[in-house]
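The structure appears right after this line, and notes come after that.
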Amino acid sequence: MPVPWFLLSLALGRSPVVLSLERLAGPQDAVRCSPGLSCHLWDGDVLCLPGSIVSAPEPVLVPTHLQTELVLRCHQETDCELCVRVVIHLTVHGHWEKPEDEERFGRAADLELEEPRNASLQAQVVLSFQAYPTARCVLLEVQVPAALVQPGQSVGSVVFDCFEAALGAEVRIWSYTQPRYKKELNFTQQLPDCRGLEVRDSIQSCWALPWLNVSADGDDVHLVLEVSEEQHFGLSLYWNQVQGPTKPWWHRNLTGPQTITLNHTDLVPCLCIQVWPLKLDSVRTSICPFRKDPRAYRNLWRATRLQLLHPLGWRLDAPCSLPAEASLCWQALGGGPCQSLVPPLPRENVTVNKALDFPLLKGHPNLCVQQVSSWEKVQLQECLWSDSLGPLKDDMLLVETRGPQANRSLCALELSGCTPLLSRASTVTAPYLLAWQRAARLGEQLLQDLQSGQCLQLWDDDLGALWACPMDKYIHQRWALVWLACLLFAAVLFLLLLLKKDHVKVASRGRAALLLYSADNADFERLVGALASALCQLPLRVAVDLWSRRELSAQGALAWFHAQRRQTLQEGGVVVLLFSPGAVALCREWLQDGASATGAHGPHDAFAASLNCVLPDFMQGRAPGRYVGAYFDSLLRRDAVPSLFLAVPVLALPSQLPDFLRALQGPGLSHPGRLADRAEQVSQALQPALGCCVGPLGTPETGREMGLEAGDET
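Numbered per mature numbering (1 follows the signal peptide of the UniProt record, and there is no 0), the sequence shown spans residues -20 to -1, 1 to 694.
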């Protein structure tokens, strides 16, 4: 159900209630003057041609004020029409010209001027009347006697009866003289409707006039015409423009009652409604109900289009007049808001649907037009001149201000404001330091460009000037430094990527591990092989002499160990000492007899050969971080390991497999969530070999006795 938005009659009812109106008899127009004046009304209407303003060489009559009064023009007692009476007040404008030879001829010249100065004044005054859909112009002749002619003084008034108009209509009246000596007077008035006047018995159109209510329902606006059934009437919607003629939009002949639905997007402030009975010479009554509706003004701005005309013109197309101003602004290439050029260029009031020009010398693609509403908000902005002048340029706009005594100042328009082009010796406060640094850096070059004619002058007058100076050459210099910095950064980045690639490559291949053990017997060698194979699945890159017997035979055990140790440590790997009863015994011999004890072992015994380098590392404190110790807890006890090797982690297998794997992978490569699973996999791989290894080596007690003896020996 429609919600009442506002209810009103077909007329606005803005005028005060008139209790009674003067009645004029007969259809003829008439004119009368104030005492002392004579006036005459030309027969018929005339063309409305104001013409251009001309200068007055002597005093002339001009209209200075307009007044209106509502009257009734009656053909019979109950057959009247609403009529607008116009009162024009006249004043003497201008002065008598003083002759150049008055001094030379003296009194004779004064006598010659007596006759024209004592003559009466005569004027032709035009009254122009417009009330949709009619328009009229009448011509009045007025004569003022010489006794009343005093320059600058009012001489009286002329009354015209009268212009017929529809109830509720908006009327516009203009007055000027022919020829025109001053700007024409204008007056706008909203007439009341039948409800605002006590004239229902006098105006027949009020007896059966359609009444209109306006209501809103969501996004729809309803025009509800309260008329009796079978009554025929006309309904017209039109745009009532102040600037230019009215523009019809929609017209229908209807039969009551009716409800017309409009979309809220169709509402604009100048949308008016006219309704009338479909009878001969019926009165048309108008209403403009959306003048103060905020939605109507929003729709008006959405429907407005700004066109920039070549070379320096612009045009604003809109269905209604706009309370706005137009100004020029400067759009920088790098983006940001368009910076207004007010001052120095003043704003101009907007005249819709008319081509206008800006006072520029040259066009520039960075110059744009802004439409600023009456509440100081930018509504429209266009830079369409770029279509004919090319894309935006990287130019600096210099604003020159000219003051008294040839004072001149220049500033560069930047995003932070207009920065003065100061000398390097000037003192600048901290808030303006950054802007000043840029202006100081380029200020001298910009001034040189301006003096050498490299800048384009866009505007010039007594107050100042605008100059557009190209910045391409300075930008190129800065870009060269930027490119150099980028190349340097790219080189450093490439080097870091290479180092990172090597690190990732090592990480993806797995950490290197050199496994050293004593070949106690065949079963123990199979256990070592099972451990090495399981570690390779982690992944780790394991080196063990079991898999390099050919290289051992060719190079010798000592040379092979040196090569493997050097490569493993260079790659950040680790050397694993796998202790067994045999290994403990070899360490005891080396510690007791020195390096000569290693010669009694086989050529493939890398462990015995490695003791020449391993033991010195431990003795000199170089072992931590390079070595990890391990032993099988079913073959050896921890206290059987010589105390010299406890400087590094010595872990039992398989009970301490997670810690052993974490030590092999390193702190940066360990994955705690996966260590337990990997330890379980390695433990399962070792179980078969561990079961076979206990028998041939003897009972666990035998192993422990050997280890204990070795530990005691050391």
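Don't be surprised by glycine CBs; every beta carbon is placed ideally from N, CA and C.
Counting only runs of 3+ residues, the beta strand (DSSP E) found wholly inside the segment 201 to 262 occupies 212 to 219, 227 to 235, 238 to 243, 251 to 257, in chain order. Put simply, of L477, L251, V204 the residue whose alpha carbon is nearest the alpha carbon of Y218 is L251.
Remark: C-beta atoms of L538 and C567 do not approach each other more closely than 8 Å. Rounded to the nearest whole angstrom, the CA to CA distance from L147 to T265 is 5 Å. Leaving aside the five residues that flank H20 on each side, the residues in its chain whose CB is nearer than 6 Å to its CB run, in chain order, E121. Collapsing the DSSP output to three states places F541 in a helix. Ranked by Cα distance from Q169, the first of Q158, W154, R160, L477 is W154. Partner residues in a beta bridge of C673, as assigned by DSSP, do not exist. Counting every other CB atom within 10 Å of its CB across the protein chains shown gives W310 a total of 16 or more, marking it as buried.
Here V358 is near V352, since their CB atoms are less than 8 Å apart.
A contact between stretches requires three or more CB pairs, one per stretch, nearer than 8 Å, and the segment 465 to 472 fails this requirement with the segment 495 to 509. Taking a contact to require three or more Cβ pairs closer than 8 Å, the segment 133 to 144 and the segment 63 to 71 qualify as touching. W463 carries a helical assignment under DSSP once its states are collapsed to helix, strand and coil.
Within the same chain, D503 come within 6 Å of C672 by CB-CB distance, once the 5 residues on both sides are set aside. Under the 8 Å Cβ criterion, the segment 555 to 562 counts as touching the segment 602 to 609, having at least three qualifying pairs. With fewer than 16 other beta carbons inside 10 angstroms of its own, A543 counts as exposed. In this structure, L378 is the residue among L378, W463, L292 with its C-alpha nearest to the C-alpha of Q431.
Here M599 is exposed. Its C-beta has fewer than 16 other C-beta atoms within 10 Å. If you draw a straight line from the Cα of Q437 to the Cα of P299, it is about 37 Å long. Cβ atoms of F109 and V151 come within 8 Å of each other, at about 7 Å. Judged by DSSP in its simplified three-state form, Q428 adopts helix.
In this structure, the alpha-carbon of D200 lies about 24 Å from that of S208. At the C-beta level, C63 and F167 stay beyond 8 Å of one another. Distances from the alpha-carbon of Y161 to those of E206, Q104, Q130 put Q104 closest. It is roughly 11 Å from the alpha-carbon of L631 to the alpha-carbon of L616. Judged by DSSP secondary structure, S108 falls within the beta strand (DSSP E) whose first and last residues are 101 to 111. Residue nearest to S528 within the set A512, E362, Q517 is A512 (criterion: CA-CA distance). In the three-state scheme derived from DSSP, where H, G and I count as helix and E and B as strand, G646 is classed as coil. Setting aside the 5 residues that flank it on each side, F541 is surrounded in the same chain by A586, A589, S590, each with a C-beta closer than 6 Å to its C-beta; the list follows chain order.
When rounded, the separation of the alpha-carbon atoms in P249 and T331 is 16 Å.
Under the DSSP assignment, C567 falls in the alpha helix (DSSP H) whose first and last residues are 561 to 573. Its chain contains Y454 as the residues whose beta carbon lies nearer than 8 Å to that of Q425, once the 5 sequence neighbours on both sides are disregarded; these appear in chain order.
Note on geometry: alpha-carbon atoms of D273 and N279 lie some 10 Å from one another.
Secondary structure note for M451: it is in no alpha helix (DSSP H), with a DSSP letter that is neither H nor E. The beta carbon of R271 sits closer than 7 Å to those of P249, all from its chain and outside the five residues before and after it, given in chain order.
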